[in-house]
Structure formats: structure tokens, C-alpha cells
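Working notes, structure below.
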Amino acid sequence: MTATKGLEGIVAAASSISSIIDGVLTYRGINIDELAEQASFEEVAYLLWYGKLPTKQQLDGLKAQLSEHAQLPAEVIAGLKLYPKGSNSMAALRTAVSSLALYDDAANDMSREANLLKAIKLQAKLPTVVAAFARIREGKEPVAPKKGVGIAHNFLYMLTGEEPAAVAVEAMDKALVLHADHELNASTFASRVTVATLSDIYSGVTSAIGALKGPLHGGANEAVMVMLDDIGSLANVEPYIQNKLNNKEKVMGFGHRVYKNGDPRAKHLMQMSRQLGELKGDMTLYEMSVKIEDLVTGQKGLKPNVDFYSASCYTMLGIPRDLFTPIFAISRVSGWTAHILEQYEDNRLIRPRAEYVGPVGQHYVPVGKRG
Ligand code: ACO
């Protein structure tokens, strides 16, 4: 038995939700480029859960369900108020989502119908949790979700308490579409491993949030913004990045386990970053990002991934950088729950083996005789 470090190249599940073939990403067989240009996030969530695009009536039905379940239990809001003010935003999200199970009588109902409804409830509630956390830590009251608007609109509204601009809603919606699913990425795999023990959907999503938090996965978008803030100006890009490359340090937002010729989502976010810069009349972040890309791609051949341009986009939308990864979760919960439902449909415990590389033939030594 020989271990494959990072499970690279190992096919660990059969799935009909999303595919990455020859560098092309599809959701249920539809190219992500078409969805990014034309679909709303709610349509994409429906597509991931049900396997096909909704009719108008089905879409209206889903939107009504998402509205109905967007409120948080009062106990979860009370819990958010108890978290230390400086809590890590992903740790807060992970804790709050785990606690949602305590207030759902159907948390352990394993029927498909109940699990599908829980997927919708989780999708409805995650944006409310993130917005409420962001306000509570600033000493503000959470803003109740609004009826009759989509998730992107509602999230921006709950975050600021103000009606968001149409362009901001459009940008946020597209970002949600682009992040919704991505085959067997680390967090999705974590969710499938958890529920393959026949544990509940809340446990699966809580595991996924824990996995998404890390800077090698979803946490990279925040790390990119930390880097952009550190660099500070266009003139400082070259010495800063050159220094990182010379020291063989990773540049966040570049590289990917699966894509070696570029992440197909990145071009949409790059375009969005440019457009938001133009609208703001400040191209600094966009131009710094392009210059970083030129240097890293030019010297290392590494292309930007989904996290790279999303950092400048979210900043130009006025979002604090530690909410970038929670926003990723707001979108990816659609994919996680679709994968969890798929796992339950044809479940087998996920339990690989390890290649043992430790000592052999050892013996127990009583504590008093250990050196
Ligand atoms: N900057 C500089 N060098 C890099 C980078 C980078 N961002 N990414 C990979 N490399 C180099 C590595 O140092 C390594 O070089 P070596 O062979 O000389 O040691 C080589 O490329 C292979 O890198 P690995 O880390 O082994 O590749 P792996 O497939 O395990 O990792 C990963 C992929 C984690 C995405 C990696 O490219 C990385 O750390 N990128 C930065 C973090 C990031 O942006 N993560 C978000 C990914 S997208 C997402 O999860 C949503």
C-alpha cells in the first residue's frame, strides 16, 4: 500500500453534479460560462439540487421557500451575540451553522424529502448568519431578511441595512453562481466523508465550513486581500512579488490542483473587477491584480484561480475582507448540500487506508522506566 499525497489524481466518488473535463467546468453538464452570463444564483442552486433548470413556477417556488426560511432562530442570534467580538468569521459561521441543527426538529430525519428541505433551509439561513455576525460584532442589531428579493440582494441588504445598488447585486449574484460547486474540492469531500457515516446534513455542512476555512482552499480570497493591502500601491507590486517568488513563497490566489491551464472562473471575476473599478473610478486594485498576474504567470507559469480576482471585487463592493470566505460558503452550501444528497442516494462509508510509515516491533515500557 503506497499513499498518494493529497489524494492527487485519485477518483474518490462518482457524481453527476459538476465536472471538470479538459479545463472546462460544468454544472449538470452546462458550461459555467453560460451560467455566469445568464443564470441567477437561485436557478443554479435549483439546478444543482434537482439536476435540471427550473421552470418559472419551480423557480418562484424555490424563491418563496428561501424567503420563508431565511430567518434565524432567536437562540442562534442570541448565540452570535455571545461570541467574542474578535471571533474569526469562519469559526463563527461554523459554530452558528452547527447550532442551527439544535433548532430543527427534522435535523436527524434522513428521508430525501426532509434532507432536501434542510438543504434549502441551510441555503436560506447562511447569508443571514454571515450578515448578522458582521453587524453584531460592530455593536449593531441584525437586519431581518427581506421578502421578495434574491439571495445576493438580501445578503447585501442585511449586511448594510440599506438597499444595495443594482450593479452590486448583479456582481454578487455572479460571484455566487461562480462559486456554487466545483466537483470534489476539499470542503465538498469533507462533507461527503462526514455524511457517508450516515451523519446528518448539518454535520456535513459544518465539516465543509471547517475545510473551506483554510488558506489553501476558500481562505485564499481573504489572503489575497491581505497581500493587496500589504503591497499598498502599484509601484510596490514588482518588488513585493519578486521577493516572494525569490523566496519560494506561495502567492495566494494562484495555482490549482486540477486546472493547470487556468481556472475558467477567474476570467469572469477579472472582468467584474475591471468593471467595478471603472464604476468606482478607481482602477488601483484591478491594475495591481493584473500586474501580480503578469509577474506570477510570466515567471512561474501559474494562473490565477477563483480566489484571486474575487478579492478585489468584494473589496470594491465595500465588503470587509474577513467576510470573503464566509461569502464563498454562502454560495458553496448549494454545492455541498447537492453532494450530500447525492451521497445519501447511493451511500457507502468512505474509509480509505493509510500507508504505515511508523516504527514496528515496539514494546510497552512502564511509565517509571521511560527515559
Ligand atoms: N505560488 C507559488 N508557487 C506555487 C503556488 C503559488 N500560489 N501554487 C503552487 N506553487 C508551486 C509549489 O510551490 C510547488 O512547487 P515545487 O514543485 O517547486 O515545490 C508546485 O507549484 C506545486 O504546488 P503544490 O502546492 O504541490 O500543488 P497542489 O496541487 O498541492 O496545491 C494549491 C494546489 C493548494 C491550490 C496551491 O496551488 C496553492 O497553495 N495555491 C495558493 C493558495 C490558493 O490560492 N488556494 C485556492 C485554491 S482555489 C480554491 O480552493 C477555491
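752 is the number of the first residue of the sequence shown in my numbering; add one for each residue after it. Quick reminder that beta carbons are idealized off the backbone N, C-alpha and C, glycines included.
- Counting of Cβ neighbours within 10 angstroms places Ala-922 among the buried residues, the total reaching 16 or more.
- Leu-776 carries a strand assignment under DSSP once its states are collapsed to helix, strand and coil.
- Contact between Arg-845 and Thr-945 does not hold, since the beta-carbon distance rounds to 13 Å and is not under 8 Å.
- Bridge partners of Ile-771 according to DSSP: Leu-776.
- Under DSSP, Asn-972 shares a beta bridge with no residue.
- The region 987-1005 makes contact with the region 955-972; the number of CB pairs closer than 8 Å reaches 3 or more.
- In this chain, the alpha helix (DSSP H) harbouring Ile-960 covers 952-963.
- With 16 or more other Cβ atoms inside 10 Å of its own Cβ, Leu-927 counts as buried.
- Bounds of the alpha helix (DSSP H) holding Val-848 are 840-851.
- Pairing Arg-888 with Lys-814 gives a Cβ-Cβ distance that is not under 8 Å.
- Here Ile-761 carries a coil assignment [DSSP, helix/strand/coil].
- Between the region 758-772 and the region 905-923, the count of Cβ pairs shorter than 8 Å is below three; the stretches do not touch.
- The closest CA to that of Thr-753, considering only Asn-1098, Ala-1105 and Ala-1062, is found on Ala-1105.
- Remark: the shortest separation between the CB of Lys-1051 and any heavy atom of ligand 1 falls under 7 Å.
- The C-alpha of Ser-942 is placed about 25 Å away from the C-alpha of Pro-805.
- Between Leu-873 and Thr-1035, the C-beta spacing is not below 8 Å.
- In this structure, Ala-1080 and Leu-996 do not form a Cβ contact; the two beta carbons are roughly 31 Å apart against a cut-off of 8 Å.
- Taken from the Cβ of Leu-967, at least one heavy atom of ligand 1 lies inside 7 Å.
- Membership of Gly-1013 in any alpha helix (DSSP H) is not indicated, and neither H nor E is assigned to it by DSSP.
- The three-state secondary structure of Pro-1055, taken from DSSP, is strand.
- In the structure shown, Asn-1098 adopts coil according to DSSP, grouped into three states.
- Within the chosen limit of 7 Å, ligand 1 reaches the beta carbon of Arg-1008 through at least one heavy atom.
- Rounded to whole angstroms, the gap between the alpha carbons of Tyr-1065 and Gly-983 is 17 Å.
- In terms of side-chain proximity, the C-beta atom of Asp-1045 is found no nearer than 7 Å to any non-hydrogen atom of ligand 1.
- According to the DSSP assignment, Lys-872 belongs to the alpha helix (DSSP H) that extends over 863-887.
- Shown here, Ile-781 sits in a strand according to DSSP, grouped into three states.
- Rounded to the nearest angstrom, the gap between the Cα atoms of Gly-1119 and Ala-937 is 44 Å.
- Under the DSSP assignment, His-904 falls in the alpha helix (DSSP H) whose first and last residues are 902-911.
- The shortest C-alpha to C-alpha distance from Ala-821 to any of Lys-869, His-1090 and Glu-892 is the one to Lys-869.
- The nearest non-hydrogen atom of ligand 1 is less than 7 Å from the C-beta of Gly-1004.
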